[in-house]
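In the numbering used here, the protein residues as written are 18 to 179.
We put the CB at the ideal spot given by N, CA and C, even for glycine.
Predicted model, so just to flag it, every value in this text is computed and none were measured.
Below is one structure, written out as structure tokens; comments come after it.
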């Protein structure tokens with residue numbers, strides 16, 4: 018696939034300190050994405066580490082927190098525009114401290130998320146649900162690999178015909 022024709026950029030968000038099964042899934046996805054990047058099928062791959070939750074007011078105080086909140090805002094906009102559901106993201110909800118009974122608004126984040134950009138525009142966020150079908154991160158990575166394989170096949174066929 019000629020990445021200059023349709024440059025694909027991927028951001029992978031990985032939760033640190035998660036259960037073994039989730040860690041294995043993270044490694045599988047990361048390995049596949051790095052292989053696609055090495056093969057030139059993804060123009061750029063960024064890996065970002067996040068935790069289980071983010072408290073927006075506190076996050077606003079750091080550059081990393083503002084960057085993450087900007088991405089989450091883009092994801093919410095994509096969710097509205099694409100008629101998809103990002104159920105794995107538990108958008109702002111109150112969390113009460115059991116000791117002090119104070120409550121803060123937090124966003125709970127999935128263990129793994131993927132944002133796919135084409136020509137700089139956000140095209141897909143996973144995990145998501147669209148038309149009753151759940152699209153996991155691994156599903157989207159496999160789709161990226163299949164699309165790259167199809168592009169290679171078409172390019173080869175075009176070369177053979179000439």
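Taking all protein chains in view, the Cβ of residue 103 is crowded by 16 or more other Cβ atoms within 10 Å, so the residue is classified as buried. Distance from residue 129 to residue 46 at the Cβ level is roughly 6 Å; contact confirmed, criterion being Cβ atoms closer than 8 Å. Ranking 66, 62, 59, 137 by CA distance to the CA of residue 126 puts 66 first. The segment 49-120 is shown to contain whole alpha helix (DSSP H) runs of 4 or more residues at 73-76, 80-99, in chain order. In the DSSP annotation of this structure, the continuous segment of the beta strand (DSSP E) that includes residue 26 starts and ends at 25-32. Take the alpha-carbon of residue 146 and the one of residue 119: they are about 33 Å apart.
Counted as a single uninterrupted DSSP element, the beta strand (DSSP E) harbouring residue 147 occupies residues 145-147.
Within its own chain, the residues whose Cβ lies closer than 6 Å to the Cβ of residue 49, once the five positions on either side in sequence are excluded, are 158, listed in chain order. In this structure, residue 124 lies near residue 89, with their beta-carbon atoms less than 8 Å apart.
Per DSSP, the unbroken beta strand (DSSP E) holding residue 150 starts and ends at 150-152.
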